[in-house]
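Residue numbers (my numbering), protein chains in the order written: chain Z, 1 to 210; chain A, 1001 to 1390.
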């Protein structure tokens, strides 16, 4: 892949020192296994009819699933729909969940698939509207809004596969292994696709500056 | 030009996925390669930018909506799972669809959103309201045909009396008291004399449906009758929003679409959401056009529609074995999948005719059902009608 020379983008000039990125909060820590065990226990209790367990499970994953869908779709209302639909489908088929696998990867995959289906369905239609799209699509007022705005627009320019990798890695902080589990692909494939997706995202972001 | 492995080295370092050896190699690369330094800097800035984007809190109502959905599904799921194994085709699909979409629609209403799934609920109602029954319900109308009265539930109480009777051309005369009763009704006569009705009656599939056991079974079903008699269903069918939807091109195209026909006819449909055919249906141009349509949105927001979905009779109907059996009948499926039948259903004039009480009264008459079985008897009936004076 072609890498743009720094000279062409003075704003991205190399720093005088070369960090090892240890200062960045982007290590590939695995999810605590205890969390997966808790999920399994919650699922078991749900299946035995315990409503409190369902409430807990929803509380645990609502925000995460909503944000995955939001980043995938760029639209709050669609993200709500997908989140709701995923939970409904998940609980409807909870009995088919295999506890040998981790619950998060099962429900994350459902969220990804539902989001991709939503993208396919709306492909020929203009669905973004100003009221419901991610806040920050309007001219940004501050740094955080600017980041939201730039990233949101850049994500929209990626294809769905690239976007899913970026979302899982950077917005859900999943490890390569976990992404592989969610997307059901091999870890080397995750790496190579993620790197490519990031290269594309980088170019889109650079393009925004021109 | 950086090599792929060098680019990967940078990405892995950035991700904290480096070994001590690869970290050392990374530092070495940056020292000697300006392009690597540039890329590393750009990627670092990108990581920082991505890190500044924070999670958004879901809307406050979302959790309650989700939990309400789950509770509703929990109520519905056991009954679906308990459906007889022999009802693996349309029956199962209808059952699940009716229950699931009803529940979903309640939640959609809560969110004031028009999910695509709502289209299925409307479509099912439309199938029942038009393709199956062929008339808007009119449970509060008194009638003179087929034993209908103010106190008689909508349906055909006397249907069995004529079940095996063969009506011939000779039976269809003005001298026949039953025919006379029909043709003495001004509205019915007007309907029968209309071109669109006459053309429809010359369609074999249409007539087959009018006289089918499945339709009789359906209309004799208590749950169905309760629904038909319900004020909510009556209001829905009478509502401007529903009439607009029913006459809407997108909706009609959906009903006439190949995807819809396949979805209805498929034996493989066991689950609405997970089914490929349903997904194709959802992805079809017709469905998408429908979702974007004002008339569709109006029905979604219509109070009467919501009441129908919440109506106990509607739910009972969805869970009723006899009704499911009727819906699964080959005759009904064949009729709905038949091109000629769909063409009739797509006819504007006929839709208007179906919206009249006269059509309902005519359809409820046993003699009409009986004569519908025969092309010759039907033709004779039409001729008698033409001779009768309005």
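Here a beta-carbon is modelled for each residue, glycine too, at the ideal position from N, C-alpha and C.
Quick one: list the residues of chain Z neighbouring residue 1369 of chain A, beta-carbon separation under 8 Å, in chain order. One-based indexing of the second chain puts residue 1369 of chain A at position 369. Chain order gives no chain Z residues near residue 1369 of chain A, where near means a beta carbon separation below 8 Å; the closest approach is about 40 Å.
For residue 1020 of chain A, which residues in the same chain have their Cβ closer than 6 Å to its Cβ, ignoring the five residues on either side in sequence? To locate residue 1020 of chain A, count along the second chain from 1; it is residue 20. Excluding positions up to five away in sequence, the list is empty.
Measure the alpha-carbon distance for residue 40 of chain Z versus residue 194 of chain Z and round it to whole angstroms. Taking the first chain and counting its residues from 1, the one referred to as residue 40 of chain Z is at position 40. Taking the first chain and counting its residues from 1, the one referred to as residue 194 of chain Z is at position 194. Approximately 29 Å between the Cα atoms of the pair.
Please list, in chain order, the chain Z residues whose beta carbon lies closer than 8 Å to that of residue 1046 of chain A. Position 46 of the second chain, counting from 1, holds the residue named residue 1046 of chain A. Within chain Z, the residues near residue 1046 of chain A are 198, 201, 202 and 205.
Shorter than 6 Å, the distance from the beta carbon of residue 1066 of chain A to the closest heavy atom of the ligand GDP, or not? For the ligand GDP, the structure offers nothing, since it holds no ligand at all.
Any idea if residue 1138 of chain A is buried or exposed, counting beta-carbon neighbours within 10 angstroms, 16 or more meaning buried? Locating residue 1138 of chain A in the second chain gives position 138, where the first residue counts as 1. Confidence at residue 1138 of chain A is low in this model, with a pLDDT of 29, below 50, so the placement of that residue should be treated as unreliable; the coordinate-derived value is given next. Classification for residue 1138 of chain A: buried.
First and last residue of the uninterrupted alpha helix (DSSP H) at residue 1044 of chain A: On the second chain, residue 1044 of chain A is found 44 positions in, with the first residue counted as 1. 1034-1052 is the extent of the alpha helix (DSSP H) around residue 1044 of chain A.
Where does the unbroken alpha helix (DSSP H) through residue 1181 of chain A begin, and where does it stop? Within the second chain, residue 1181 of chain A is the residue found at index 181, counting from 1. Its alpha helix (DSSP H) spans residues 1177-1184.
Does residue 1365 of chain A come out as helix, strand or coil in the three-state DSSP assignment? Numbered from 1 along the second chain, position 365 holds the residue referred to as residue 1365 of chain A. Looking at residue 1365 of chain A - three-state DSSP - the assignment turns out to be coil, as it is neither helix nor strand.
Does the beta-carbon of residue 1061 of chain A have 16 or more other beta-carbons within 10 angstroms, so that it is buried, or is it exposed? Here residue 1061 of chain A refers to the residue found at position 61 when the second chain is read from its first residue. Residue 1061 of chain A comes out exposed.
Quick one: what does DSSP say residue 75 of chain Z is sitting in, helix, strand or coil? One-based indexing of the first chain puts residue 75 of chain Z at position 75. Residue 75 of chain Z: strand per DSSP, three-state reduction.
Backbone secondary structure at residue 1058 of chain A - three-state DSSP: In the second chain, counting from the first residue as 1, residue 1058 of chain A sits at position 58. Coil.
If we count the other Cβ atoms within 10 Å of its Cβ and call it buried at 16 or more, is residue 1032 of chain A buried or exposed? In the second chain, the residue the question calls residue 1032 of chain A occupies position 32. By the beta-carbon neighbour count (other beta carbons within 10 angstroms, threshold 16), residue 1032 of chain A is exposed.
Using 8 Å as the threshold, is the segment 113-120 of chain Z in touch with the segment 78-93 of chain Z, meaning 3 or more CB pairs across them? yes
Using a Cβ-Cβ cut-off of 7 Å (strictly less than) and excluding sequence neighbours within five positions of residue 90 of chain Z, which residues of its own chain qualify? Working through the first chain from its first residue, we reach residue 90 of chain Z at position 90. Correct list, in chain order: 107 and 110.
Under 7 Å between beta-carbons, which chain Z residues line up against residue 1434 of chain A? List them in chain order, please. Past the edges of chain A, shown from 1001 to 1390, lies residue 1434 of chain A, and the structure says nothing about it.
Can you tell me the Cα-Cα spacing of residue 1179 of chain A and residue 1372 of chain A, whole angstroms? Locating residue 1179 of chain A in the second chain gives position 179, counting from the first residue. Locating residue 1372 of chain A in the second chain gives position 372, counting from the first residue. The alpha-carbon atoms of residue 1179 of chain A and residue 1372 of chain A are separated by roughly 13 Å.
Mind listing the chain A neighbours of residue 62 of chain Z? Cutoff is C-beta to C-beta under 8 Å, in chain order. Translated into the one-based positions of the first chain, residue 62 of chain Z becomes position 62. Correct list: 1058, 1062, 1063 and 1066.
Closer than 8 Å is the cut-off here; do at least three beta carbon pairs connect the segment 1040-1051 of chain A with the segment 45-56 of chain Z? Touching, no, given that fewer than three Cβ pairs across the two stretches are closer than 8 Å.
Would you please verify whether the beta carbon of residue 1188 of chain A is less than 7 Å from any beta carbon of chain Z? On the second chain, residue 1188 of chain A is found 188 positions in, with the first residue counted as 1. No, its Cβ sits nowhere closer than 7 Å to a Cβ of chain Z.
Using beta-carbon positions only, say whether residue 1181 of chain A and residue 1385 of chain A come within less than 7 Å of one another. On the second chain, position 181 is the one that residue 1181 of chain A refers to. On the second chain, position 385 is the one that residue 1385 of chain A refers to. Contact flag unset, no.
Secondary structure at residue 50 of chain Z, three-state DSSP: helix, strand or coil? What you label residue 50 of chain Z is simply residue 50 of the first chain in a count that begins at 1. The answer is coil: DSSP assigns residue 50 of chain Z none of H, G, I, E or B.
Run the CB neighbour count on residue 1387 of chain A, radius 10 Å, all protein chains shown included, and call it buried at 16 or more, exposed below. In the second chain, counting from the first residue as 1, residue 1387 of chain A sits at position 387. Per the 10 Å Cβ criterion, exposed.
For a contact defined as C-beta to C-beta under 8 Å, what are the partners of residue 83 of chain Z on chain A? Here the question's residue 83 of chain Z lines up with position 83 in the first chain. The contacting residues are 1058, 1062 and 1066.
Which stretch, first to last residue, makes up the alpha helix (DSSP H) that contains residue 1375 of chain A? Locating residue 1375 of chain A in the second chain gives position 375, counting from the first residue. Its alpha helix (DSSP H) spans residues 1375-1387.
Using CA coordinates, which residue listed in Z:75, Z:44 and Z:119 is at the minimum distance from residue 97 of chain Z? Taking the first chain and counting its residues from 1, one reaches residue 97 of chain Z at position 97. For residue 97 of chain Z, the nearest C-alpha among the options comes from Z:44.
Name, please, each residue of chain A whose Cβ falls closer than 8 Å to the Cβ of residue 178 of chain Z. For this step, residue 178 of chain Z is matched to residue 178 along the first chain. The contacting residues do not exist; residue 178 of chain Z stays about 13 Å from chain A at best.
Suppose you measure from the CA of residue 1003 of chain A to the CA of residue 204 of chain Z; what does that come to, to the nearest Å? Residue numbering aside, residue 1003 of chain A sits at position 3 when the second chain is read from its first letter. Residue numbering aside, residue 204 of chain Z sits at position 204 when the first chain is read from its first letter. Approximately 21 Å, taken between the alpha carbons.
Alpha helix (DSSP H) segment containing residue 156 of chain Z, residue limits: Residue mapping note: residue 156 of chain Z aligns to position 156 of the first chain, counting from 1. First-last of the alpha helix (DSSP H) with residue 156 of chain Z: 143-157.
Between the alpha carbons of residue 151 of chain Z and residue 1206 of chain A, how many angstroms are there, rounded? On the first chain, position 151 is the one that residue 151 of chain Z refers to. On the second chain, position 206 is the one that residue 1206 of chain A refers to. If you take the alpha carbons of residue 151 of chain Z and residue 1206 of chain A, they lie about 57 Å apart.
Suppose you measure from the CA of residue 1202 of chain A to the CA of residue 1175 of chain A; what does that come to, to the nearest Å? As a first step, residue 1202 of chain A is located in the second chain; it is residue number 202 there, counting from the start. As a first step, residue 1175 of chain A is located in the second chain; it is residue number 175 there, counting from the start. If I take the Cα positions, the gap works out to 23 Å.
For residue 1036 of chain A, collect the residues of the same chain with a Cβ closer than 8 Å to its Cβ; drop the 5 residues on either side in sequence, then sort them by chain order. As a first step, residue 1036 of chain A must be located in the second chain, where it is residue number 36. Cβ within range, chain order: 1002, 1006, 1010, 1029 and 1030.
How would you call residue 1378 of chain A, buried or exposed, if buried means at least 16 neighbouring beta carbons within 10 angstroms? For the purposes of this step, residue 1378 of chain A is taken as the residue at position 378 of the second chain. Burial call: buried.
Range covered by the alpha helix (DSSP H) that runs through residue 1006 of chain A: By one-based count along the second chain, residue 1006 of chain A stands at place 6. Unbroken alpha helix (DSSP H) run through residue 1006 of chain A: 1004-1014.
Quick check on DSSP: helix, strand or coil for residue 105 of chain Z? The residue labelled residue 105 of chain Z in the question sits at position 105 within the first chain. DSSP places residue 105 of chain Z in helix when its eight states are reduced to three.
Which two residues bound the contiguous alpha helix (DSSP H) that contains residue 1204 of chain A? Locating residue 1204 of chain A in the second chain gives position 204, counting from the first residue. It spans 1204-1210 - the alpha helix (DSSP H) in which residue 1204 of chain A sits, taken as one unbroken run.
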